[in-house]
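Data first, discussion second: the structure below is written as C-alpha cells.
In the working numbering, the protein residues as written are 1445 to 1874.
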C-alpha cells in the first residue's frame, strides 16, 4: 500500500525531478502496471517451483525497497520508468506470494486473515500521503512563471522552452537532493525492515507445503456460455472499479493543483489521505458487514455511493474545494469493498477455477494502467477530464451491475443445487 500510493502525492515533484510534464510522466504508470502483470505471472511460477516461500518474499521485498530508494534519484524519464517497471514486477510477485502463503498457513480458516491482508493495503495507502506531505515542494510560483515568463529578442516575444524554465525555476540538478527523496527513503526503509522480518521468520518458523489444504470440489457446474458472460461482465466491473480506485488516488493531488481551484500540493496530499482513510475504514468494516448483509446488497450500496461521489465532483468540484473532500470520502467508501463483493457474489453461481480467478487481477491491472494514463494524458490541458472519467466509470459500474442482476436473479445458486442433490439422494436411500 505504501509503495503503490506514494506516487500520487509526489507526482508533481517527480515531474520536476526528471524535467518533464504530466502527460509524459504518465508512462511510469504504464510501466509499473506492465511490470505488475509480469510479476504476477512469473511470481506464481516461481512460488510453485521453490519450497522456500519466505526466502522468495525476502528477496522480492528487498528489491522493492531498493526501487523505492532509487526512484527519487532518477534525473530522466527513462531511468524513472525502469525503476517503476522493476517496482511493479516485485509488487506483483509479492501480491501473488503473500496470497499463497496466507492460504497455505490457515487453509479453510484463512478468511479473516486474507481480509486483514487486503485491509493493510488500504492502511498503507492511508499512511503514504502523510509520509509524503512534509517533503513536498511548493510550486505555486512555478505555474505563474510558466504563464508569464517570455524571452524578448529583436522586439519579438518567444515562449521560454519548458527545459529552460526548469533550469531557471524549479528544476533539480544532479548535485541537489530533492526534499521528496526523504519520503521515498522512509518507505524504502520500512520495506527493508519487512524483508528482514521475512528472513528472520524463514529461520525460526519456515513455511513448507505441509500446511496446504486440498482444494474443495464444487457442484452446480454451468455452461461455458453462462460462465463466460458472467466472467466478462465481472471483469468489466473489476477493471472499472480498480482503475477508478487507483486513478482517483494517484491523480487527485494533481487535479487539485492543476484544476480550476489551484490548491497547494499539501492540500491535495491531505485530500488523498482522506480518500484512503475512508477506503481503509470501510474495508475494515466490510469484514463484519459481509456477515450480516449479502454480497449483492453490499455491491448495490457500493455503486450508489460511488455514483453520488461522482455527481458531487461533476456538479461542485470545479467551484468549491469542499466538494473534493466530500467526493473523496464517498468514493473511498464506495470503492473499498467493490472488488471482494463482486467476486463473492458471482462465486455463488459459478465455479471460480484457478484460471478464472487469475483473470480478475490481470484485468484489474489493465484498469489501473489505462484509467490513470487517460487522466494523466489530458489533465495538463483539460483538468476536467479527471471528473469525466470518474463519473463515467461510476455510470458504467451501475449499468454492468444491473445487467448482471438481470442474468443472475433467476439463476439457481450452485450451493442450492448441491443441497438439492443431497436431499434427493437421502430420499432415494430411504
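The C-beta atom is built at its ideal place from N, Cα and C for all residues, glycine as well.
At the C-beta level, residue 1508 and residue 1534 come within 8 Å of one another. Rounded to the nearest angstrom, the gap between the Cα atoms of residue 1560 and residue 1729 is 11 Å. With three or more CB-CB distances shorter than 8 Å, the region 1445-1463 counts as touching the region 1515-1522. Per DSSP, residue 1739 is one residue of the alpha helix (DSSP H) stretching across 1739-1760. For residue 1488, the enclosing alpha helix (DSSP H) covers residues 1471-1493.
Membership of residue 1460 in the alpha helix (DSSP H) is indicated by the continuous run 1455-1461. A residue is called buried once 16 or more other Cβ atoms fall within 10 Å of its Cβ, and residue 1489, having fewer, is exposed. Residues of the same chain with a CB within less than 7 Å of the CB of residue 1818, apart from the 5 flanking positions on each side, are 1833 in chain order.
DSSP places residue 1705 outside both helix and strand once states are collapsed to three, so it counts as coil.
Sixteen is the threshold: when 16 or more other Cβ atoms of the shown chains lie within 10 Å of the Cβ of residue 1710, as they do, the residue is buried. Scanning the region 1803-1845 for uninterrupted beta strand (DSSP E) segments of 3 residues or longer gives nothing; none is fully contained. In the three-state reduction of the DSSP assignment, residue 1452 falls in the coil class, being assigned neither a helical nor a strand state. For residue 1674, same chain residues with a beta-carbon under 6 Å away, outside a window of 5 residues either side, are 1790, 1794 in chain order. Contact between residue 1628 and residue 1513 holds, since their C-beta atoms are separated by about 6 Å, short of 8 Å. Per DSSP, the continuous alpha helix (DSSP H) segment holding residue 1784 begins and ends at 1782-1791. Following the DSSP letters along the chain, one finds residue 1625 inside the alpha helix (DSSP H) bounded by residues 1624-1648.
Counting the other CB atoms within 10 Å of its CB gives residue 1676 a total below 16, which places it among the exposed residues. In this model, residue 1821 and residue 1856 are separated by some 45 Å (Cα to Cα). In the displayed model, residue 1667 falls within coil according to three-state DSSP, outside both helix and strand. Only residues of its own chain outside the window of five on either side were considered, and among them 1511 have a CB closer than 6 Å to the CB of residue 1530, listed in chain order. Rounded to the nearest whole angstrom, the C-alpha separation of residue 1726 and residue 1682 is 18 Å.
Annotation: residue 1722 to residue 1503 spans about 32 Å, alpha carbon to alpha carbon. Burial state of residue 1702 is buried, judged by a 10 Å Cβ sphere holding 16 or more other Cβ atoms. Taking all protein chains shown into account, residue 1704 has fewer than 16 neighbouring C-beta atoms within 10 Å of its C-beta and is therefore exposed. By the neighbour-count criterion, in which a residue is buried when 16 or more other Cβ atoms sit within 10 angstroms of its Cβ, residue 1738 is exposed. Under the 10 Å beta carbon count, residue 1805 is surrounded by 16 or more other beta carbons and is classified as buried. Taking the C-beta atoms as reference points, residue 1807 is found nearer than 8 Å to residue 1679. Spanning the alpha carbons of residue 1453 and residue 1472 requires a straight line of approximately 14 Å. Residue 1449 places its beta carbon less than 8 Å from that of residue 1568. CA-CA distance, residue 1571 to residue 1775, rounds to 18 Å. If you draw a straight line from the Cα of residue 1753 to the Cα of residue 1760, it comes to about 11 Å. If you draw a 10 Å sphere on the C-beta of residue 1766, you find fewer than 16 other C-beta atoms in it, and that means exposed.
Taking the C-beta atoms as reference points, residue 1757 is found no nearer than 8 Å to residue 1843.
As the crow flies, the alpha-carbon of residue 1580 is around 6 Å from that of residue 1624.
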